[in-house]
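Note that the protein sequences, when read in sequence, are chains A and B. For the first sequence, position 414 matches number 455 in my numbering, and the numbering has no gaps at all. For the second sequence, position 706 matches number 796 in my numbering, and the numbering has no gaps at all. For reference, the structure is listed below as structure tokens.
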Amino acid sequence: MKMINEQDLHSERAPRVKAWVRSGEPLIWLNAAAVSVSVIAVVGLLLLLAVRGLSHFWPADVLAVTVSYQDQSRELLGEVVEEVEVAGVQLREAGIEVQGPGPYFRRTLLKQGNRDFLGTDFTWLINEQFGERRLPPDVVVVERLEWGNFYGYLRGVSRFNAPPVTVAADGPEATWQALQTLITDTVAVREEIRRIEQVDIGAINYELERLRLRERRLELEGALDATAAADLAGMRAEQEARFRVLQEELYVLYDSIKDHSYSAELADGRVVTLPIAKVVRAYQPNDMGVFAKLGMYFERLWEFLTAEPREANTEGGIFPAMFGTVLMVILMSIIVTPFGVVAAVYLREYASQGFVTRTIRVAVNNLAGVPSIVYGVFGLGFFVYFVGGELDQIFFPAALPRPTFGTPGLMWASLTLALLTLPVVIVATEEGLARIPKSLREGSLALGATRAETLWRVVLPMASPAMMTGLILAVARAAGEVAPLMLVGVVKLAPTLPLDGNYPYLHLDQKFMHLGFHIYDVGFQSPNVEAARPLVYATALLLVLIIALLNLAAVSLRNRLRERYKSLEH
Amino acid sequence: MPRWRHFKDRAATVAVTTGGAGVLIAILLIFFYLLYEVLPLFGNARMEPRAAVESPLAEAPLMLAVEEQTELGFGVFADGSARVFVLDSGELVLTETLAPELGGITAVAAEGAEGRLFAVAHDSGGISLHSHEYRLSYPGGERLITPRLERHYAGLALNTGAEPVVKLAVGDTDEGLVVAALTRSGELQAHRVVREENFITGAVSLSQEQLKIPALGGVTAAFHIDEDLRWLFRLDASGGYTVLNLRQRDSSGYLQVAGQGALFNGGGRLSASAMLLGGISLLAASDRGELVQFFMVRDGEGGNQLQRIRQFGTDGVVITRLVPEQRRKGFLALGRDGELQIYHSTAHRRLLSQEALPLGEGAAAISPRADALVVVDANGGLRSWHIHNEHPDISWSALWSKVWYESYDEPAHVWQSSSADNDFEPKYSFAPLAFGTLKAAFYTMMIAAPLAICGAIYTAYFMAAPLRRKIKPMIELMEALPTVILGFLAGLWLAPLIEDKLTAVVTLMLALPVGVLMFAFLWSRLPIAVRSLVPEGWHAAVLVPVVIAIGYLSFAANDTFELLFFDGDMRRWITAELGISFDQRNSLVVGIAMGMAVIPTIFSIAEDAIFSVPKHLSYGSLALGATPWQTLVGVVIPTASPGIFSGLMIGLGRAVGETMIVLMATGNTPIMDVNIFEGLRSLSANIAVEVPEAEVDSTHYRVLFLAAFVLFMFTFVVNTIAELVRQRLRIKYGSL
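Listed below in structure tokens is the structure:
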């Protein structure tokens with residue numbers, strides 16, 4: 042300190058800087074900057090998710106442009122996804138000739154759709170090659186079940202067994218109306234087909250499988266005599282008859298829509314005819330006002346939330362994943378709460394507070410920090426292969442060698458996550474129990490209540506806010522956890538929901554879809570990452586919202602409980 | 091009534107105690123289950139007698155083999171016959187004379203360790219090729235194995251001359267065949283058969299030639315051909331070797347000698363030799379108990395030489411027979427006095443050492459699944475043993491230290507678990523995975539630790555209370571953010587961004603502290619009237635627009651700086667000028683993304699520790715004239731340091747175990763390189779990628795469980811240290 046003072050005397054030029062540095066102010070500012078950076082990072086992250094996730098549903102304008110390069114020009118049609126700057130060096134290295142002075146050039150990523158005709162959905166273009174940019178009002182965007190979006194100009198609509206309506210003969214407005222009516226009709230028929238296929242035929246298949254298992258079981262038990270066999274055959278014939286009836290219905294429905302078609306002109310002038318049966322919806326974004334677009338926005342948002350995925354998960358909705366996530370978290374909560382609370386009560390109220398209990402407490406605390414993948418490995422080895430394999434041997438020998446519980450599934454995923462979150466619940470509940478004043482317990486005991494009664498009537502109610510806190514933390518952790526689930530039950534596409542109308546309604550042995558895994562799978566394993574990207578942002582946003590919602594719900598519940606027992610605490 | 095209540099009370103006690111203890115035991119189960127899955131990796135092999143019968147074979151075969159199901163044995167005998175017999179009874183199932191037109195048999199050699207194809211040398215000097223095949227069928231639910239012998243290269247008239255052949259070696263590929271033979275007079279011959287298939291007609295034409303072998307000194311004791319038919323290893327009785335290049339000849343047409351030398355360091359004569367599975371490694375044993383593995387390694391000058399790879403401990407046993415396994419790089423060594431030892435080459439490990447077994451002098455064979463050893467002695471006595479040796483290919487040293495794998499130029503740390511066929515040598519080295527894990531954790535902590543701790547210091551000590559009440563939950567909210575989202579943003583948004591705007595990212599990291607300091611200095615120069623608009627403890631709020639502005643400027647200046655300093659593209663510049671390779675998904679991306687996940691953990695614990703330092707300590711310091719900063723550095727931080735340390739440890743534990751971010755934000759390549767611009771593969775991501783595909787209870791599966799166990803123990807130890815430190819802190823505060 043003295044040294045610095047002496048130096049100060051010599052350096053007269055910047056005494057104020059020195060003094061300022063010595064006061065510690067700069068370091069305080071740097072520390073403050075750390076907070077600012079962290080906060081900006083959090084907020085920025087959420088904003089990024091929100092902007093990218095929510096903008097996906099907005100029907101963007103479709104750009105028509107002539108691109109000319111080396112004496113060749115072609116017409117393009119599509120949505121602008123992004124524009125970036127790229128160094129001229131990189132372009133020249135890639136063998137592209139650029140005219141402008143550079144050194145940087147703007148590039149546009151255009152979603153041109155029409156994968157069935159153009160090969161790729163997306164194309165990078167260099168802006169300097171652009172001719173005039175146009176937004177033709179009669180461009181039609183058709184969302185399809187296969188091959189991604191279609192962009193083009195509508196030329197005609199042809200209904201099965203009816204004269205075609207064409208732009209040339211009937212005018213654009215009438216053709217457009219005809220297209221919309223036809224799509225609405227077709228979608229209704231497709232809905233009906235889907236209902237028959239999934240619900241009715243699904244139930245028949247389920248029943249047939251149960252009959253097969255019953256026959257196999259009887260066979261294993263040696264009880265498959267003639268009467269039983271005839272019985273089974275009768276039931277099977279009945280199901281098969283029902284199946285044939287439904288199949289007839291399906292044929293009729295399929296036939297009724299298969300010849301509806303529309304013809305359209307591509308940007309390059311080709312005219313193509315496509316089936317209406319594969320159309321989800323059609324719209325003319327360049328001709329839509331803000332309110333019409335808003336309507337379309339919410340329609341697409343609703344589809345995202347309630348529909349099933351299509352096109353290898355890159356389009357459509359994510360309802361099954363949402364459903365799977367919530368169902369799994371609920372099952373996990375049902376398992377983890379009683380066990381966690383019992384363990385905490387034992388540790389705090391019943392076990393003698395010695396060295397052993399203290400060690401256990403530390404160990405339980407530490408388990409909360411054990412990587413989740415370790416729980417996944419344990420779940421796979423112990424629950425799935427060991428316990429599940431045993432269960433199959435004992436209860437489901439008829440289905441073998443196909444495993445019932447000896448394969449990853451909903452039950453094992455819930456159990457694994459319950460184990461993963463158990464320490465969280467135990468620690469939180471214990472803290473709550475520790476906060477309850479001794480005088481209350483003593484008062485209850487002094488009035489003649491037994492230990493169990495004191496626990497049940499006094500201690501547990503007062504500790505309930507803490508239990509809720511534990512559960513909140515557990516739920517928040519479980520909903521976002523993906524790594525262990527990849528090993529114990531999550532799949533990229535589950536054909537049916539784990540909860541349906543077929544007995545026993547809740548299918549614990551089924552694999553399920555999960556939002557977190559959906560993000561990983563679509564974002565990283567999908568063949569068409571570029572097309573899937575906006576959907577992944579939307580899914581990520583939804584996952585964040587679900588977790589926030591679960592948290593908020595539990596927080597408000599905790600506060601309500603806390604209010605109720607507040608009077609007791611003083 | 092009281093009795094009923096008493097009963098309920100007792101019942102509750104029992105229920106809670108059993109329930110609680112049960113839950114705690116279930117938690118312990120994780121540890122023990124992982125251990126249970128891992129331990130078999132380090133267990134030794136066991137063997138037990140299976141059968142010992144006097145068989146009608148009456149003599150020892152020249153070659154012995156066992157069929158896949160370990161039910162039948164196969165032998166080739168000097169009288170020209172091949173016989174298939176039941177292992178447990180000796181009952182003959184099939185007897186057939188091999189190439190009867192060529193006469194009796196003087197020598198037999200199997201091709202490769204699997205040995206389905208074998209070459210037979212006859213009295214007449216003719217050589218024929220055959221294979222033994224088995225067909226499985228289940229008539230009436232019973233397993234039935236039907237043996238069948240097949241002749242190969244039937245149109246070939248290979249002849250070694252009048253001298254009977256005493257030893258034979260054969261190598262076979264799609265392109266043809268090499269047969270080496272040693273006659274009674276000691277002449278070594280080599281014949282090559284080239285097989286050409288007409289693409290259109292499918293007709294096969296064979297052409298043969300005798301290769302000229304140069305004069306080699308000494309007595310030829312053994313010779314082997316490698317899998318590519320490139321090298322002929324000739325071993326002489328006194329322990330020397332000569333490697334002949336089968337593809338190159340010298341000026342006078344003789345095979346070129348590619349190397350010569352002594353096999354054994356301790357001298358001694360050759361007592362046994364064999365090729366390991368895959369036909370790359372040569373094993374040789376001396377009569378002084380030395381057992382060594384060799385294979386060809388490229389030397390610096392474009393040539394190849396036979397390299398001594400590793401020596402196995404034999405405890406001085408003189409090995410007379412070496413039997414390679416047929417699916418793994420393991421082998422059995424049979425000693426002169428009935429000793430049996432089981433080794434594994436890659437793991438460099440002896441799994442079993444048995445003494446004084448009645449092994450006899452005859453032929454020995456191991457079953458294809460390596461679960462049985464069969465010996466037929468000179469009188470036809472048939473003995474077999476069960477061998478339990480499930481996981482020989484792992485040893486502690488192979489997991490962590492460098493191993494010289496076949497076809498590698500030098501020992502290396504390699505993780506390569508998947509295999510296309512049985513010949514593949516699985517490479518289970520944890521070193522690159524552990525390195526990747528720690529590398530990711532290191533870069534994470536480099537980013538997270540300063541931000542989290544500085545942030546915690548400011549929030550706990552300087553920040554105004556109303557702001558603190560908002561900021562703290564906000565940063566802690568990040569803890570609930572699913573890591574899969576961070577990983578996805580890192581992989582699909584941040585990685586391309588950093589690749590594209592690398593200069594801006596680097597500029598930002600440098601400009602941020604500098605810019606903040608400059609702003610702070612300017613702020614201190616502002617008139618007091620302006621400064622007092624912002625109350626004390628709101629620095630962070632003032633800085634938000636400043637930080638955003640610095641960030642914006644850094645990105646806006648990206649192109650200018652790139653043009654000025656890096657020829658317009660920093661990425662290319664680092665690769666070209668600095669020679670540092672650049673992956674899009676690199677450690678910097680992981681560091682930033684995982685930093686986001688770890689910051690709230692460290693922040694929360696450190697902030698609590700600093701905030702709970704008793705206020706009278708800092709008041710005392712301030713009252714004595716210290717500035718707030720001096721008080722912080724001199725009083726508050728030392729008191730809270732155990733808490734900060736504990737936060738760092740827990741953050742480290744999280745960084746080490748995090749899976750999704752590493753999985754999505756790195757290329758998952760198991761390399762060992764500290765370069766921040768290259769990817770990595772961590773233990774946890776490796777588990778997530780490979781466990782679903784590993785066969786249950788296989789070595790690979792158990793190795794992945796071992797990886798999980800290592801992670802478990804690491805985080806458990808780190809967290810325990812953190813917890814103990816925190817408890818001490820609590821006691822310390824209690825006394826203040």
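Just so you know, even glycine gets a beta-carbon here, dropped at the ideal spot from N, CA and C. Small disclaimer: the values here were computed from a predicted structure and weren't measured.
As assigned by DSSP and simplified to three states, the class of residue i
i, result
"B:Gly216", "strand"
"B:Lys386", "According to the sequence as given, residue 386 of chain B is Met; it is not Lys. Strand."
"A:Gln394", "coil"
"B:Gln346", "strand"
"B:Asp787", "coil"
"B:Asp698", "helix"
"B:Gly231", "helix"
"B:Gln159", "coil"
"B:Ala454", "strand"
"B:Trp490", "helix"
"B:Met365", "strand"
"B:Met153", "strand"
"B:His438", "coil"
"A:Ser302", "strand"
"A:Glu124", "strand"
"A:His611", "Because the pLDDT at A:His611 is just 49, under 50, the model does not fix this residue reliably, and the value given afterwards should be weighed accordingly. In this structure, A:His611 counts as coil in the three-state DSSP scheme."
"A:His559", "helix"
"A:Leu50", "Here A:Leu50 scores only 44 on pLDDT, less than 50, and its place in the model should not be relied on; the value that follows carries that caveat. In the structure shown, A:Leu50 sits in a helix (DSSP, three-state: H, G or I)."
Residues that residue i contacts on chain B, provided the C-beta gap is smaller than 8 Å
i, result
"A:Ser72", "Note that residue 72 of chain A corresponds to Asn in the displayed sequence, not to Ser. Chain B residues near A:Asn72: Cys544, Gly545, Ile547, Tyr548, Phe552."
Per DSSP, cross-strand counterpart(s) of residue i
i, result
"A:Glu134", "DSSP, once it has assigned bridges, lists no residue as partnering A:Glu134."
"A:Ala171", "According to the sequence shown, residue 171 of chain A is Phe rather than Ala. Answer is A:Val108."
"B:Trp505", "B:Tyr518"
"A:Ala210", "Partner(s): none; A:Ala210 has no beta bridge."
"B:Ile477", "B:Met137"
"A:Glu29", "This structure gives no information on residue 29 of chain A, because the portion of chain A shown stretches from 42 to 611."
"A:Leu540", "A:Leu547"
"B:Ser295", "B:Glu286"
"B:His314", "B:Phe323"
Under 9 Å by beta carbon: chain B residues contacting residue i
i, result
"A:Gly65", "Thr717, Pro718, Trp719, Gln720, Leu722, Val723"
"A:Leu463", "Val113, Ala116, Ile117"
"A:Ile588", "Ala570, Leu571, Pro572"
Amino acids of chain A, ordered along the chain, whose beta-carbon sits closer than 8 Å to that of residue i
i, result
"B:Ala778", "Ile414, Gly417, Ala524, Met527, Leu528"
"B:Arg559", "None at all; the shortest Cβ gap to chain A is about 14 Å."
Contacts that residue i makes with chain B (C-beta to C-beta distance below 7 Å)
i, result
"A:Gly422", "Tyr123, Glu127, Phe795"
"A:Trp61", "Phe611, Ser614"
Per-residue contacts from residue i into chain A (C-beta, under 7 Å)
i, result
"B:Asn809", "Asn407, Gly410"
"B:Glu161", "Neighbours of B:Glu161 on chain A: none; closest Cβ ~23 Å, over 7 Å."
Within chain A, the residues that residue i reaches when beta carbons sit closer than 9 Å
i, result
"B:Thr749", "Pro412, Ser413, Ile414, Gly417, Val523, Ala524, Pro525, Met527"
"B:Arg744", "Gly410, Pro412"
Inset, instruction - Evaluate the contact criterion for the region 718 to 729 of chain B versus the region 647 to 664 of chain B: three or more CB pairs, one atom per stretch, below 8 Å. - result: no
Legend entry - Runs of alpha helix (DSSP H) wholly within the region 550 to 614 of chain B (minimum 4 residues, chain order): 555 to 570, 573 to 579, 585 to 590
Legend entry - Any 3 or more C-beta pairs closer than 8 Å across the region 221 to 241 of chain A and the region 351 to 365 of chain A: no
Legend entry - the region 57 to 76 of chain A / the region 627 to 637 of chain B touching (three or more Cβ pairs under 8 Å): yes
Legend entry - the region 417 to 428 of chain A / the region 791 to 806 of chain B touching (three or more Cβ pairs under 8 Å): A contact exists between the region 417 to 428 of chain A and the region 791 to 806 of chain B.
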